[in-house]
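Undergrad: My questions all concern the structure below.
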Amino acid sequence: MATDRQGCPYRTPCSPRRMIFPGTEATAIILNTAGRVKRLLLVAADIYLCPDLFTLGMAHLLVFDFDGVLVDSLDVFMPAFLEACRREGAPLKDEADFFRLLEDNLYLGMMNRGMSRSTILRIVLQVKEAIMSSWGRLQVFPGMAEVVRSLSAIHSLVVVTSNETETVETFLADRDLPWFDRVIGSDREPVKATILAGLRQEFPGLSCFYIGDTIGDIREGRQAGVKTVGVTWGWHGPRVGQAQPDHLVHRPAELAALFAPQPWTEKKR
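Each residue of the sequence shown is one higher than the one before, starting from 51 at the first, in the working numbering.
Below is the structure:
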């Protein structure tokens with residue numbers, strides 16, 4: 051894989067974006083490599099500014115959950131998960147148990163219910179097999195493909211998920227959703243709060259938002275110190291609002307509007 055001058059991997063060439071700041075005639079160029087904002091150069095003044103300027107709302111790091119935010123997978127995932135738990139003798143027997151588990155980190159919740167690491171791994175493998183065998187039933191939520199595409203023109207996009215990295219990467223490629231710079235699944239790190247905290251350090255000049263559909267998602271985002279967006283079309287539905295996310299949206303269009311470019315920002319050409 052190609053790398054930039056700092057050794058960071060990227061998948062697409064640099065693409066300039068031009069923005070006019072209010073109150074000045076100076077034109078700014080943002081160099082973005084695979085969604086990673088590198089620097090801001092005020093051409094007229096030839097001034098080099100640190101990336102912290104992006105915290106003013108020009109560009110963000112948007113971290114998406116996969117299941118329940120991008121993909122409608124509940125009817126595949128939940129039955130497979132409960133069946134795997136039954137086979138392994140795990141103390142999760144019905145939908146109520148499943149939804150309560152989502153009020154925390156999925157894997158920590160399973161461990162707190164007495165499951166060993168080996169048991170959890172066997173359950174994960176069975177769920178993965180069920181997902182792969184039901185591939186055609188997994189559908190992107192209506193409108194989300196367009197939202198992700200439009201947001202990728204301005205912001206850096208990452209997926210952080212309890213699903214497996216390879217499974218999600220395969221799905222995104224299969225459904226022609228190439229807009230994400232990275233996918234980080236539970237096989238890399240099962241605790242989302244840990245991943246989010248690491249992303250904050252990696253992108254210190256960008257405001258980070260975690261977009262999730264469960265109470266557990268919002269709690270993990272808050273624990274990591276990032277802003278949170280709850281979506282009500284996912285697994286917890288309107289209940290996600292009980293976690294008091296920083297923003298609550300009910301339709302994909304609202305998510306697009308929340309992170310739309312400022313009126314003075316020109317669209318990427």
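C-beta: ideal position from N, C-alpha, C; glycine also.
Using a threshold of 8 Å, state whether the C-beta atoms of residue 127 and residue 211 are closer than that.
TA: For the purposes of this step, residue 127 is identified with residue 77 of the sequence shown, where counting begins at 1. For the purposes of this step, residue 211 is identified with residue 161 of the sequence shown, where counting begins at 1. Taking 8 Å as the Cβ cut-off, residue 127 and residue 211 do not qualify as a contacting pair.
Undergrad: In chain order, which continuous runs of the beta strand (DSSP E) of length 3 or greater are located wholly inside the segment 142-192?
TA: None, since the segment 142-192 contains no complete beta strand (DSSP E) of that length.
Undergrad: Per DSSP, what kind of secondary structure is residue 225 in: helix, strand or coil?
TA: Numbered from 1 along the sequence shown, position 175 holds the residue referred to as residue 225. Of the three classes helix, strand and coil, the one that applies to residue 225 here is coil, per DSSP.
Undergrad: As a quick exercise: from 275, 132 and 267, pick the residue whose alpha carbon is nearest that of residue 287.
TA: As a first step, residue 287 must be located in the sequence shown, where it is residue number 237. Comparing Cα positions, the closest option is 267.
Undergrad: Counting Cβ pairs closer than 8 Å, one from the segment 208-226 and one from the segment 174-193, do we hit at least three?
TA: The segment 208-226 is in contact with the segment 174-193.
Undergrad: When DSSP labels each residue in this structure, what does residue 232 get in the three-state scheme?
TA: Locating residue 232 in the sequence shown gives position 182, where the first residue counts as 1. Strand, per DSSP.
Undergrad: Check for me: the alpha helix (DSSP H) holding residue 299 runs from which residue to which?
TA: Along the sequence shown, one-based indexing puts residue 299 at 249. Residue 299 -> not in any alpha helix (DSSP H); beta strand (DSSP E) instead, spanning 297-299.
Undergrad: What did DSSP end up calling residue 303 once you bin it into helix, strand or coil?
TA: For the purposes of this step, residue 303 is taken as residue 253 along the sequence shown, with counting starting at 1. Residue 303: helix per DSSP, three-state reduction.
Undergrad: Assign residue 278 to one of three DSSP states: helix, strand, or coil.
TA: Stepping through the sequence shown from its first residue, residue 278 is reached at position 228. Correct three-state label for residue 278: strand.
Undergrad: Leaving out five residues before and five after residue 302 in sequence, what residues of the same chain have Cβ atoms less than 6 Å from its Cβ?
TA: Position 252 of the sequence shown, counted from the start, is the residue given in the question as residue 302. Only 193, 194 and 197 meet the Cβ criterion.
Undergrad: Does residue 271 pass the burial test, meaning 16 or more other C-beta atoms within 10 Å, or should it be called exposed?
TA: Here residue 271 is taken as the residue at index 221 of the sequence shown, counted from 1. The residue is buried, with at least 16 neighbouring Cβ atoms inside 10 Å.
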